[in-house]
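In what follows, a structure is listed as structure tokens, so that the remarks can point back to it.
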Amino acid sequence: MFRFPSVLLSRRLHRRELSSSTTSHPPSLPLSHPIYLIWGSNTGVGKTLVSAGIAAAFLLSSPTPSQFHYLKPLQTGFPSDSDSRFVFNKLRQLSLIRNPHIPLSASHRVINLSPAVTASNPLAGEEGVGPPPELLCKTLYAWEEAVSPHLAAEREGLVVKDSVVLETLGECLEDVAECGAGKERSEVLCVVETAGGVASPGPSGSLQCDLYRPFRIPAVLVGDGRLGGISGTISAYESLKLRGYDVVAVVFEDHGLLNEGPLMSYMRNKVPVLVLPPIPKDPLNDLMEWFESSHYIFSNLKEIMLSAYFERIKKLHDMPREARDIIWWPFTQHKLVPDGGVTVIDSRCGENFSIFKVQKTEVIAPQFDACASWWTQGPDAIMQTELAREMGYAAARFGHVMFPENVHEPALNCAELLLQGVGKGWASRTYFSDNGSTAIEIALKMAFRKFSVDHGLIVHCHEDTTNERSTELMVLALQRSYHGDTLGAMEAQAPSSYTGFLQQPWYTGRGLFLDPPSVFMHNSTWNVSIPEGYHLESLKGKSITFASPDEIFHKGRDKSELATVYSSYISKVLSGFRGSNNVGALIMEPVIQGAGGMHMVDPLFQRVLVNECRSRKIPVIFDEVFTGFWRLGVETAVELIHCVPDIACFGKLLTGGIIPLAVTLATNAVFDSFIGDSKLKALLHGHSYSAHAMGCAAAVKSIQWFKDPCSNPNITSEGRLLREV
1 MFRFPSVLLS RRLHRRELSS STTSHPPSLP LSHPIYLIWG SNTGVGKTLV SAGIAAAFLL
61 SSPTPSQFHY LKPLQTGFPS DSDSRFVFNK LRQLSLIRNP HIPLSASHRV INLSPAVTAS
121 NPLAGEEGVG PPPELLCKTL YAWEEAVSPH LAAEREGLVV KDSVVLETLG ECLEDVAECG
181 AGKERSEVLC VVETAGGVAS PGPSGSLQCD LYRPFRIPAV LVGDGRLGGI SGTISAYESL
241 KLRGYDVVAV VFEDHGLLNE GPLMSYMRNK VPVLVLPPIP KDPLNDLMEW FESSHYIFSN
301 LKEIMLSAYF ERIKKLHDMP REARDIIWWP FTQHKLVPDG GVTVIDSRCG ENFSIFKVQK
361 TEVIAPQFDA CASWWTQGPD AIMQTELARE MGYAAARFGH VMFPENVHEP ALNCAELLLQ
421 GVGKGWASRT YFSDNGSTAI EIALKMAFRK FSVDHGLIVH CHEDTTNERS TELMVLALQR
481 SYHGDTLGAM EAQAPSSYTG FLQQPWYTGR GLFLDPPSVF MHNSTWNVSI PEGYHLESLK
541 GKSITFASPD EIFHKGRDKS ELATVYSSYI SKVLSGFRGS NNVGALIMEP VIQGAGGMHM
601 VDPLFQRVLV NECRSRKIPV IFDEVFTGFW RLGVETAVEL IHCVPDIACF GKLLTGGIIP
661 LAVTLATNAV FDSFIGDSKL KALLHGHSYS AHAMGCAAAV KSIQWFKDPC SNPNITSEGR
721 LLREV
């Protein structure tokens, strides 16, 4: 069943159900004032003490009126254990010690309580002291049982989707910006304290490092100064970095084990490591002396946080100007780029960019990536992390290794999956390259060699040491085709704006370019539009329409009158072409011409064209750089047009959009045309980074992920089709 229209536009393959997936459109992150996530390398390492210490350093040492926001999105063990109330109470106590005549105005609020909490503590929600508060503490979701949020949520009936947690947090962060309106940047500070460790589950079961990733809020990591704490702290740090978080500082309690030394060495002094004095173990100790003795450390941490914030803001503002001064963008007339026309992309999460915008205030806002970054993207945010992990493993294991006469596991696994998948039933060899255009040039070399061998154009290859050419080979291709921007690939496509003298002075257009029939939908009816030049006498008075795309792709159309019309047209054009005997390859984009304008070519025409070339021993190349890997609802367009090529090219979505890699698949017959006693007969083409391990590892993960119903709920149980979206 054909799945083109909705799949191409709704190209994302979401990993999880809504109840456990991050939202497609997360709220914006305000940048009017600094906001930080407080992470812990584990539970019980002192995150809340650090939050309170930062608050004290910010509020109680400032000569100007300041405002501190403490947000606790997830709290279990409530109300006996309430981190937001702890910060609220400790700051009031510290305020009375440091400024006894000027009490701290503060508020504490709990927004969402589980039924268990409400039943036993009906007044657990709000408290406040004084005029408009300087300290605002909020708990967003609270459960009574002191267990992981995913267990508490399930047991107490307050199950919260990731998207709802993000939406609630986003609203609170907007409140921070509104409360701080009119204040200087440095007069408002907000911390968002997570629950447990970096990889502790949220209420839906998603890891918190994944849950909060759409915001990508800069981080302070509370490490572990105990025995084993070095390992735990580094693991937490790596988990955050793997997901694209910026960690501005690591802070932990001193247990006398000098953990700071190895941590500073590991981080190469690029991330500050701060050590707090030992925390009193007596539960009756009010910690006031400890906070006083830690004041210098927390003041230092506060300055690090503010400095990192101002550095980030400056960079975001400077990037457009700096980019315009030194970058040469592809497909861009720089003179026409207006002021303010450069988009600053802070990060990516799933199908959204996070872009820097200056409106009434500065924000990092989600923006839907409507063209999938030139059709390279497909996986969701979770898969993005998994691909990063696979690439990190491959980089750490292999770095890069040269490929001729060598093999490594990622390349071998990738080749096997390709031949069992997009090349199943026809391909037997995988040739790795770096991008789609290069894959096309390799395919042309392969096809021309196969044609030359089949037609007796190669006699003594071991004597071929000159540049003399007895035959000038051409391609057979389609109007509006596009196969890449390198010189050889452009020679294989019809004249266009890309091939004119301004862009490609060497272009000659070495081919015969047919004008193909196209398919379009109008008023819920599928129509075939046939260009001039086709002899349609037998079809006069007959409309060429179809009720569904399934009819268009049906193999039974091969016996139709239209198939005869197509065959006659192709045969006539080839016979009338003065260089028809030198047409050494057919190259075409199956089903969809992408860059040529998203034209859908009649699959019957393409199938008839392939058959005509077969009868003339002209090798067939499918350019599936754009259409391959589920863009059309199937893994390869071969499944739609019901015929196979001799050679096919794949790229773009091959690696899930994480790193460049391309492949050219070929039949044994094509491969055999390069076999001989002389190296001159080999395919003398290659790249320094051929079959690089990171790309191959990403491709393996991506190919497996797309096919697996457990990871890709949009695929049918048979693993052959995507469901309509």
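The numbering of the sequence shown is UniProt numbering, which starts it at 1 and goes up by one.
Note that the Cβ used here is the ideal one computed from N, Cα and C, for glycine as well.
query	result
Under the DSSP definition of a beta bridge, which residues are partnered with Ser51?	Looking at the DSSP assignment, Ser51 forms no beta bridge with any residue, so it has no partner.
Let me confirm a value: Gly378 is counted as buried when at least 16 other C-beta atoms fall within 10 Å, else exposed. Which label applies?	buried
Cα separation between Leu457 and Asp672?	16 Å
Taking C-alpha atoms, which residue in Lys450, Ser107, Pro505 and Ser571 lies nearest to Thr667?	Lys450
Mapping the DSSP letters down to three states, classify Leu607 as helix, strand or coil.	The sequence shown places Arg at residue 607, not Leu. The answer is helix: DSSP assigns Arg607 an H, G or I state.
With H, G and I counted as helix, E and B as strand and the rest as coil, what does DSSP make of Trp375?	helix
Would you mind stating whether Leu665 and Ile647 have Cβ atoms separated by less than 8 Å?	yes
Is DSSP giving residue 787 helix, strand or coil here?	Residue coverage of the chain in this structure runs from 1 to 725, which leaves residue 787 outside it and unanswerable.
Any idea if Ser10 is buried or exposed, counting beta-carbon neighbours within 10 angstroms, 16 or more meaning buried?	Any reading at Ser10 must be qualified, since the residue scores a pLDDT of 27, below 50, and its modelled position is unreliable; the value itself is stated next. Counting Cβ neighbours within 10 Å, Ser10 comes out exposed, since fewer than 16 surround it.
Note the first and the last residue of the continuous beta strand (DSSP E) segment covering Tyr70.	Gln67 to Gln75
Since Ile544 sits in a beta bridge, which residues does DSSP pair it with?	DSSP output for Ile544 lists no bridge partner at all.
Could you compute how far the alpha carbon of Ser41 sits from the alpha carbon of Ser51?	15 Å
Have a look at the DSSP bridge pairing and note the partners of His692.	None, per the DSSP bridge assignment.
In terms of residue numbering, what span does the alpha helix (DSSP H) encompassing Thr564 cover?	Glu561 to Gly576
Give a yes or no on whether 8 Å exceeds the smallest Cβ distance from Glu187 to chain D.	Among the protein chains of the structure shown there is no chain D, as only one such chain exists.
Hey, is the stretch 57–76 in contact with the stretch 220–235, meaning 3+ C-beta pairs nearer than 8 Å?	no
Buried or exposed: Met402, going by 16 or more other Cβ atoms within 10 Å of its Cβ?	exposed
Enumerate in chain order the residues of its own chain whose CB-to-CB distance from Asp210 is below 8 Å, with the five nearest sequence positions on each side excluded.	Thr22, Arg243, Ala381, Ile382 and Thr385
Over the uninterrupted alpha helix (DSSP H) stretch that includes Trp290, give me the two end residues.	Met288 to Ser293
Quick one: residues in its chain with C-beta nearer than 8 Å to the C-beta of Val342, no 5 flanking neighbours on either side, listed in chain order?	Met319, Pro320, Ala323 and Arg324
DSSP state of Ser347, grouped into three classes?	strand
When the Cα atoms are used, what is the spatial distance from residue 754 to Ser84?	Nothing about residue 754 can be read from this structure; the chain reaches only from 1 to 725.
Give the straight-line distance between the Cα atoms of Asn712 and Gly350, rounded to the nearest whole angstrom.	14 Å
Can you tell me where the beta strand (DSSP E) holding Lys241 begins and where it ends?	Where Lys241 is concerned, there is no enclosing beta strand (DSSP E), although the alpha helix (DSSP H) it sits in stretches over Gly229 to Leu242.
Run through the DSSP bridge pairs and tell me what Pro505 is partnered with.	Answer is none; Pro505 lacks a bridge partner.
What residues match up with Met474 in a beta bridge as DSSP calls it?	Val583
Would His33 and Gly170 be called neighbours here (beta carbons separated by less than 8 Å)?	no
Using only the alpha-carbon positions, how far apart do Ile102 and Val191 sit?	24 Å
With 16 other CB atoms within 10 Å as the buried threshold, where does Pro682 fall?	A small fix is needed here, since residue 682 is Ala in this sequence, not Pro. Looking at its Cβ environment, which holds fewer than 16 other Cβ atoms inside 10 Å, Ala682 is exposed.
Are the beta-carbon atoms of Ile587 and His483 separated by less than 8 Å?	yes
Would DSSP call Asn712 helix, strand or coil?	coil
Can we say the stretch 587–600 touches the stretch 615–626, given the rule of at least three CB pairs closer than 8 Å?	yes
Tell me whether Arg185 sits in a helix, a strand or coil according to DSSP, three-state version.	helix
Can you look up Asn352 in the DSSP assignment and give me helix, strand or coil?	strand
Reducing DSSP to helix, strand and coil, say where Ile97 ends up.	helix
For Lys360, report the span of its alpha helix (DSSP H) as first-last.	Looking at the DSSP string, Lys360 is not in any alpha helix (DSSP H), and its letter there is neither H nor E.
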